[in-house]
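**Student:** Residue numbers (the working numbering): -8 to 92.
Please read through the structure below; I'll follow up with questions.
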């Protein structure tokens, strides 16, 4: 993937994430991931129904997510959930690119 394609994907990912979360400064994917982990940790502690609603709207597969949480039990749940959320959003971006050609 070229530099401009990576930047386009990062911009698309940032735009999608900002629909679900009010997160500033998503300059890199690592920073984006860090902010999402923080957001999901907050939601896990304070508003699980909102988190579930976001995951449902995002179409994160519940069965896959449960399996990921079990198989990655050594990691914080918020980290596993954030990674699943990002992976699903990336799938959507790729699908849109594929069918817009």
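The C-beta atom is built at its ideal place from N, Cα and C for all residues, glycine as well.
On a predicted model such as this, the values are computed, not experimentally measured, just so you know.
Can you look up residue 9 in the DSSP assignment and give me helix, strand or coil?
**Tutor:** For the purposes of this step, residue 9 is taken as residue 18 along the chain shown, with counting starting at 1. Residue 9: helix per DSSP, three-state reduction.
**Student:** Between which two residues does the alpha helix (DSSP H) harbouring residue 86 extend?
**Tutor:** Looking up residue 86 in the chain shown gives position 95. Taken as a continuous stretch (DSSP letters only), the alpha helix (DSSP H) holding residue 86 covers 68 to 91.
**Student:** Which residues in the same chain have their Cβ closer than 7 Å to the Cβ of residue 35, if we skip the five residues on either side of it in sequence?
**Tutor:** In the chain shown, counting from the first residue as 1, residue 35 sits at position 44. If we look at residue 35 and ignore the five residues flanking it on each side, its Cβ neighbours are 42, 68, 69.
**Student:** Does the structure place the stretch 21 to 33 close enough to the stretch 64 to 83 that three or more beta carbon pairs sit under 8 Å?
**Tutor:** A contact exists between the stretch 64 to 83 and the stretch 21 to 33.
**Student:** From residue 83 to residue 9, what does the alpha carbon distance come to, in whole angstroms?
**Tutor:** In the chain shown, residue 83 corresponds to position 92, counting from 1. In the chain shown, residue 9 corresponds to position 18, counting from 1. Near 15 Å, if we compare the C-alpha coordinates of residue 9 and residue 83.
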